[in-house]
Amino acid sequence: MKQKTLILLMIFLLIASGALSAAKSIVWVGCGVTQNAFTRELADAFEKETDIRVIVRGQGALKGIRDAASGRADIGGTCRLSLDIDKEKNVQLHHVAWDAIVFIVSKDNPVNEITSEQVRSIIDGTISNWKALGGKDQKIDFFSRYGNLSGVGHMFRVMFYQDANKEFPRAINKPRSSGLIEKLVAVNDGALALSGAASAHKRSSIKMLALDGVYPSKENIQSGKYHLVRPLYFATGKTPSGESQRFVDFALSEKGQKIIAAEDVVNLSEGTHLLGTFKERFGKKHLAPSLQ
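Under the working numbering, think of the first position of the sequence shown as 774, with each following residue one higher.
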């Protein structure tokens, strides 16, 4: 009887141990561009390989960095560097891929390209009608994120204006995520907005504009021909958990990098020369410390 009880107890413990192992999970929070680009695909592949579930949530680069720093999330996703402020100090950034900041419009908008001069004129209010760009006689609705600390918003300001505090006073709609901006642009053929190519190229309801005659294709981003290239990062605390580090390592592994490339995003090996290109164009101070 005792032997039978012991066997049953061992079986129970084995089942419980397996259930606990399968129940392991980590939380990823952050940048909508990085999320939409490849994070869900990485998470699915990682779970199949390790039985560790990655719960993926958006909510922006600012939240990704700060939640990773504070421990509210295991991993953050961000398309900007962490800043020298208290809420972002206890974090380390892991460079996982390359992206580009792009200008997006509805697929029904007849305009296919824009110049840097036109961008400045639209943001400053000198140009307010699509007719000036060869489009319809229609008001330009410029959408921008709240504040100046979003991943897309911050990097655009420092890369395009060399001014992290540049104001966009004529932005008429200020959604809280790049994903929401993309959805709003899709249903407003007068809209213009910023996003990341790694995310925007996946939405058939919007299109990316050529900038100064160069379309933001993967090839043009990879070569550096398209001007506004920038890194994408995963963020962790200074001492990440074992599971969190495993997911970062997976993203950086050959298998993880193949997944990123398969999503039509420039992975690290494809963009090895882009680090030098970025430093030359925008300066190393806008990169994570590990890349400077």
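Virtual Cβ for every residue (Gly too), placed ideally from N, Cα, C.
- When DSSP states are grouped into helix, strand and coil, L866 belongs to the strand group.
- Taking the Cα positions, E820 is about 45 Å away from R893.
- For E1016, the three-state secondary structure derived from DSSP is helix.
- In the three-state scheme derived from DSSP, where H, G and I count as helix and E and B as strand, P989 is classed as coil.
- According to DSSP, K939 shares a beta bridge with no other residue.
- About 5 Å separates the Cβ atoms of R839 and K860, confirming a contact at the 8 Å cut-off.
- Only residues of its own chain outside the window of five on either side were considered, and among them A810, F811, E814 have a CB closer than 7 Å to the CB of E1036, listed in chain order.
- Taking a C-beta distance under 7 Å as the contact criterion, A816 and V829 qualify as a contact pair.
- Pairwise C-beta distances place the segment 894 to 908 out of contact with the segment 1017 to 1028, as fewer than three of them are shorter than 8 Å.
- Pairing F933 with S917 gives a Cβ-Cβ distance that is not under 7 Å.
- The C-beta distance from V802 to K836 rounds to 6 Å, short enough to meet the 8 Å contact threshold.
- The shortest C-alpha to C-alpha distance from M928 to any of R1003, N1040, E1053, G1044 is the one to R1003.
- Going by C-alpha positions, P989 is about 16 Å away from L965.
- Excluding sequence positions up to five before and after D985, its CB lies within less than 6 Å of the CB of T888, S889, all in the same chain and listed in chain order.
- Per the C-alpha coordinates, the member of Y919, A870, K909 positioned closest to E1043 is A870.
- Burial check for E955: the Cβ neighbour count within 10 Å reaches 16 or more, so the residue is buried.
- The C-beta distance from N902 to L982 rounds to 16 Å, too long to meet the 8 Å contact threshold.
- Taken in chain order, the unbroken stretches of alpha helix (DSSP H) that lie wholly in the segment 827 to 907 and span 4 residues or more are 834 to 843, 889 to 897.
- About 16 Å separates the Cβ atoms of N961 and D910, ruling out a contact at the 8 Å cut-off.
- With 16 or more neighbouring CB atoms inside 10 Å of its own CB, H1000 falls in the buried class.
- Only buried fits I994, as 16 or more other CB atoms lie within 10 angstroms of its CB.
- In this structure S978 is not in contact with G833, their Cβ atoms being roughly 22 Å apart against a cut-off of 8 Å.
- If you draw a straight line from the Cα of E1016 to the Cα of G849, it comes to about 14 Å.
- Ranking D872, D824, G907 by CA distance to the CA of G997 puts D872 first.
- If the five residues before and after K980 are omitted, its C-beta is found closer than 8 Å to the C-beta atoms of I877, V878, S879, K880, N882, N885, all from its own chain and listed in chain order.
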